[in-house]
Amino acid sequence: MSSVLRLFRKTLLQVNMDFTHPSLIALSKELRILHEMPISSKEERDNWYLAAQSLQDRIRKDWTDIEASLPHELYHYFSDADIRATDEGYRRYLEELLRDLLFLE
442 MSSVLRLFRK
452 TLLQVNMDFT
462 HPSLIALSKE
472 LRILHEMPIS
482 SKEERDNWYL
492 AAQSLQDRIR
502 KDWTDIEASL
512 PHELYHYFSD
522 ADIRATDEGY
532 RRYLEELLRD
542 LLFLE
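Counted the way the numbering used here counts, the sequence shown spans residues 442 to 546.
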């Protein structure tokens, strides 16, 4: 197990969110687009971070109705692409924590 994963290890999210809420559905679609962006190279991560910042800005501007209910780990996801690119365990850990948001259908 990676040292980063040991630092952040905890149980899966127990967040009460209404996954039928239109704002949450829209956020999930945007997260999937972000999630599909490559992060292997520095240039790819730079582009990913720009897109992640844009999505965070949109959350604060357009989705204030759900912002307070979003899990804290989402913000780790936004800021830790460099770690996820090199630490497979941490990447899987965050994806598992956020699976409901990332893969909302």
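Yeah, the Cβ is synthetic: ideal placement off N, Cα and C, and Gly gets one too.
Residue i classed as buried or exposed, judged by whether at least 16 other C-beta atoms fall within 10 angstroms
| i | result |
| --- | --- |
| Glu484 | exposed |
| Ala509 | exposed |
| Met442 | Unreliable positioning characterises Met442 in this predicted model, as indicated by a pLDDT of 47, which lies under 50. The coordinate reading is nonetheless provided below. Classification for Met442: exposed. |
| Arg540 | exposed |
| Ser482 | exposed |
| Arg533 | exposed |
| Lys451 | Because Lys451 sits at a pLDDT of 44, beneath the cut-off of 50, its placement in the model cannot be relied upon, and the following sentence gives the value as read from the coordinates. Exposed, since its Cβ has fewer than 16 Cβ neighbours within 10 Å. |
Reduced DSSP secondary structure (H/G/I, E/B, other) of residue i
| i | result |
| --- | --- |
| Leu542 | helix |
| Ile507 | helix |
| Ser481 | coil |
| Asp521 | coil |
| Thr461 | coil |
| His513 | coil |
| Asp498 | helix |
| Asp487 | helix |
Integer Cβ distance of residue i from residue j, believed to fall under 8 Å
| i | j | result |
| --- | --- | --- |
| Leu542 | Leu491 | That belief does not hold up - the Cβ atoms of Leu542 and Leu491 are roughly 20 Å apart, past 8 Å. |
| Leu496 | Leu465 | Not really, about 14 Å apart at Cβ, beyond 8 Å. |
Selection from the options that minimises the alpha carbon distance to residue i
| i | options | result |
| --- | --- | --- |
| Ile517 | Asp506, Tyr531, Ile507 | Note on identity: in this sequence residue 517 is His, with Ile being the wrong assignment. Nearest of Asp506, Tyr531, Ile507 to His517, Cα basis: Tyr531. |
| Leu511 | Ile500, Ser520, Asp521 | Ile500 |
| Leu538 | Pro463, Lys470, His513 | His513 |
| Leu468 | Asp487, Leu515, Glu536 | Leu515 |
| Asn488 | Leu535, Thr527, Asp523 | Asp523 |
| Ser520 | Glu536, Glu529, Gln494, Thr461 | Gln494 |
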